[in-house]
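Trainee:
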Amino acid sequence: MSDFRDAAQRACAEMRSLFAQTPLQHNAHLSAKYEAEIYLKREDLSPVRSYKIRGAFNALNKALVQNPDQKTFVCASAGNHAQGMAFVCNHFNVQGVIFMPVTTPAQKIEKTRIFGGSNVEIILSGDYFDDTLAQAQAYCAEKSARFLSPFDDDDVIEGQASVAVEIDEEMSVCPDLVVLPVGGGGLSAGITRYYSEKTDAPELVFTEPAGGASLKAALQQGAQVTLPKVNNFVDGAAVARIGDRNFEALKHCSPDQVYPVSEDRLCTTMIEMLNIEGIVLEPAGALSIDVLADIADQIKGKTVVCVTSGGNFDFERLPEVKERAQKFLGLKKYFILRLPQRPGALKDFLGLLGPKDDIARFEYLKKSARNFGTVMIGIETDDPENFIALDRRINAEGFDLRDITNDAAIAEFLI
Numbered sequence: 201m202s203d204f205r206d207a208a209q210r211a212c213a214e215m216r217s218l219f220a221q222t223p224l225q226h227n228a229h230l231s232a233k234y235e236a237e238i239y240l241k242r243e244d245l246s247p248v249r250s251y252k253i254r255g256a257f258n259a260l261n262k263a264l265v266q267n268p269d270q271k272t273f274v275c276a277s278a279g280n281h282a283q284g285m286a287f288v289c290n291h292f293n294v295q296g297v298i299f300m301p302v303t304t305p306a307q308k309i310e311k312t313r314i315f316g317g318s319n320v321e322i323i324l325s326g327d328y329f330d331d332t333l334a335q336a337q338a339y340c341a342e343k344s345a346r347f348l349s350p351f352d353d354d355d356v357i358e359g360q361a362s363v364a365v366e367i368d369e370e371m372s373v374c375p376d377l378v379v380l381p382v383g384g385g386g387l388s389a390g391i392t393r394y395y396s397e398k399t400d401a402p403e404l405v406f407t408e409p410a411g412g413a414s415l416k417a418a419l420q421q422g423a424q425v426t427l428p429k430v431n432n433f434v435d436g437a438a439v440a441r442i443g444d445r446n447f448e449a450l451k452h453c454s455p456d457q458v459y460p461v462s463e464d465r466l467c468t469t470m471i472e473m474l475n476i477e478g479i480v481l482e483p484a485g486a487l488s489i490d491v492l493a494d495i496a497d498q499i500k501g502k503t504v505v506c507v508t509s510g511g512n513f514d515f516e517r518l519p520e521v522k523e524r525a526q527k528f529l530g531l532k533k534y535f536i537l538r539l540p541q542r543p544g545a546l547k548d549f550l551g552l553l554g555p556k557d558d559i560a561r562f563e564y565l566k567k568s569a570r571n572f573g574t575v576m577i578g579i580e581t582d583d584p585e586n587f588i589a590l591d592r593r594i595n596a597e598g599f600d601l602r603d604i605t606n607d608a609a610i611a612e613f614l615i
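Be aware that the sequence shown starts at 201, since it is given in my numbering, and climbs by one per residue.
(1) Confirm, please, whether the CB-CB distance from Asn227 to Leu245 is below 9 Å.
(2) According to DSSP, simplified to helix, strand and coil, what is Glu616?
(3) Any idea what DSSP makes of His229, helix, strand or coil?
(4) Check whether the Cβ atoms of Asp330 and Arg445 lie closer than 9 Å to each other.
(5) Can you give the Cα-Cα distance for Lys527 and Ser231, rounded to whole angstroms?
(6) I'd like to confirm the pairing. Which residues does DSSP put opposite Thr508 in its beta bridges?
(7) Going by C-alpha distance, which of Phe347, Val379 and Asp603 is nearest Val507?
(8) Please report the straight-line C-alpha distance between Asp583 and Phe292, rounded to a whole angstrom.
(9) On the DSSP bridge assignment, give the partners of Thr469 in chain order.
(10) State the DSSP-derived secondary structure class of Arg216, mapped to helix, strand or coil.
(11) Apart from the five residues on each side of it in sequence, which residues of its chain come closer than 6 Å, Cβ to Cβ, to Ser202?
(12) If you compare alpha carbons, which of Ile577, Leu260, Gly573 and Phe549 is closest to Ile559?
(13) How is the alpha helix (DSSP H) around Ala286 delimited, first residue to last?
(14) Check for me: the alpha helix (DSSP H) holding Tyr328 runs from which residue to which?
(15) So which of Tyr234, Gln270 and Gly284 has the shortest CA-CA distance to Met215?
(16) At which residue ranges does the segment 519-553 contain complete beta strand (DSSP E) runs of 3 or more residues, listed in the order of the chain?
(17) Is the CB-CB distance between Thr468 and Ala410 below 9 Å?
(18) Is it the case that the segment 381-389 contacts the segment 430-440, given that we only count it when at least three CB pairs across the two stretches are under 8 Å?
(19) Secondary structure at Leu260, three-state DSSP: helix, strand or coil?
(20) I'd like to confirm something about Tyr328: is its beta-carbon nearer than 8 Å to some heavy atom of the ligand GTP, or not?
(21) Can at least three beta-carbon pairs, one atom from the segment 504-522 and one from the segment 267-277, be found at a separation below 8 Å?
(22) Using a Cβ distance threshold of 8 Å, determine whether the segment 469-482 contacts the segment 207-222, with at least three qualifying pairs required.
(23) Over what stretch of residues does the beta strand (DSSP E) that includes Phe299 continue unbroken?
(24) If you draw a straight line from the C-alpha of Pro455 to the C-alpha of Asp514, how long is it?
(25) Thinking just about the alpha-carbon of each residue, which of Gln420, Ile594, Asn432 and Phe613 is nearest to the one in His452?
(26) Could you pull out every unbroken beta strand (DSSP E) segment of at least 3 residues lying fully inside the segment 568-606, listed in chain order?
(27) Based on the DSSP output, what are the partners of Tyr459 in its beta bridges?
(28) Under the assumption that His281 contacts Ala306 (Cβ atoms under 8 Å), give the Cβ distance between them as a whole number of angstroms.
(29) Ignore the nearest five residues each way along the sequence and tell me which others in Asp490's own chain have a CB closer than 7 Å to its CB.
(30) With DSSP as the reference, identify every bridge partner of Asp203, one or two as the case may be.
(31) Which same chain residues, not among the five before or five after Lys311, have their C-beta less than 6 Å away from its C-beta?
(32) Roughly how many whole angstroms lie between the Cα atoms of Ile471 and Lys522?
(33) Tell me which residues share the same chain as Thr303 and place their Cβ nearer than 7 Å to its Cβ, disregarding the 5 neighbours each side in the sequence.
(34) Quick one, which of Asn261, Tyr534, Ser414 and Ala364 has its alpha-carbon nearest Pro402's?
(35) Please go through the same chain and pick out, in chain order, the residues whose beta-carbon is closer than 7 Å to the beta-carbon of Leu415, but skip the five residues on each side of it.
(36) In three-state terms, what does DSSP make of Ala276?
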């Protein structure tokens, strides 16, 4: 057995003093859908509803072994790493100073406070993670505190590898394939290193948000890449640059193993898992399930483990998730209608709507001294084909209707 695998197994055993192993559950719905045996490694059911507690525990535990007098630990995190560190600081009765972006969802801030209690101080600083990280590191230098990286740390990577240790313990046979979400790379690097020297290791597939596909970009270039822009919707995995130690563990992988997924399609998976299975997943936690659609032919008849990495979802975001899902499925659209300013014009337009077409948004203000007025209208339906039929009826009647659903500049301003 390699030194890394041995260390990961020791770390996993030590974690039992803090929390029980997370369940590995066969999912009948996904298995039938993809004609495979699909198992979910439910990291969303850890005490902090993500796998981040593992790396935080291992890194802090080893730091205290090396220096028992170290009493202050610092991290920068948008949520899950912060919660894991808070929980662990409380467990070891040390002081944690947690820097979080000002834009962090309130649910994650409050849960961090609850997990850490009097052992943590939360400092909200910076609109973007890079600003938050810089201030946390400056604080460390000033206070001689110990910084705990969310992913770019050997002990964190080793702790995250305990997920693979548990998969081995929970399955009687080795799975054919393990699907891993990627953000900074702590989880994927740990599990990749754990399996790298195992003779009966499963195939690994990686998935990351299309608006933050830093691993795929790095593998294509053969070197780390800093993305010029990141879509922060998948806040648990939207990272502009894969970590140094993480890339070192993953650089031998093929770019073809990495599947970026659409943020809008990801919303459909979140809604599906909530409505059908009653499983609450944050966007990053749904990545490994969503990508099954892209590898459906590859996994037929195989045994697949999807790591659902987190379930810290603020339900105030649910309307946005639902709307993005509807738009992706073609069930909701937004239009600008140029409406003649005459009596009965609006009634004429409404008469063109089909029996399953529902108005979800309507904004109109009659303008004086104009022949036409502008209406912003949102329409929901139950079948994308209904919009094709509606468009035919509208054109036949001579109304001017402009689809702005995918016009980002207009939609962000008006919707």
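Note that CB positions come from ideal geometry on N, CA and C, so glycine has one too.
Mentor: For this structure:
(1) no
(2) Nothing can be reported for residue 616: it is not among the residues displayed for the chain, which extend from 201 to 615.
(3) When DSSP states are grouped into helix, strand and coil, His229 belongs to the helix group.
(4) no
(5) 26 Å
(6) Arg242
(7) Val379
(8) 55 Å
(9) Paired residues: none, contrary to the question.
(10) coil
(11) Closer than 6 Å at the Cβ level, and outside the excluded window around Ser202, lie Glu397.
(12) Ile577
(13) Asn280 to Phe292
(14) Unbroken run through Tyr328: none, as it is neither H nor E.
(15) Gly284
(16) 532-540
(17) no
(18) yes
(19) helix
(20) The ligand GTP is not part of the structure shown, which contains no ligands of any sort.
(21) no
(22) no
(23) Gln295 to Met300
(24) 33 Å
(25) The option with the nearest alpha carbon to His452 is Gln420.
(26) 572-580 and 600-603
(27) Thr407
(28) That belief does not hold up - the Cβ atoms of His281 and Ala306 are roughly 17 Å apart, past 8 Å.
(29) Val461, Arg465, Leu466 and Thr469
(30) Looking at the DSSP assignment, Asp203 forms no beta bridge with any residue, so it has no partner.
(31) Gln283
(32) 7 Å
(33) Asp327
(34) Ala364
(35) Same-chain partners within the cutoff: Val382, Gly385, Phe406, Glu408, Ile442, Leu450 and Val458.
(36) strand
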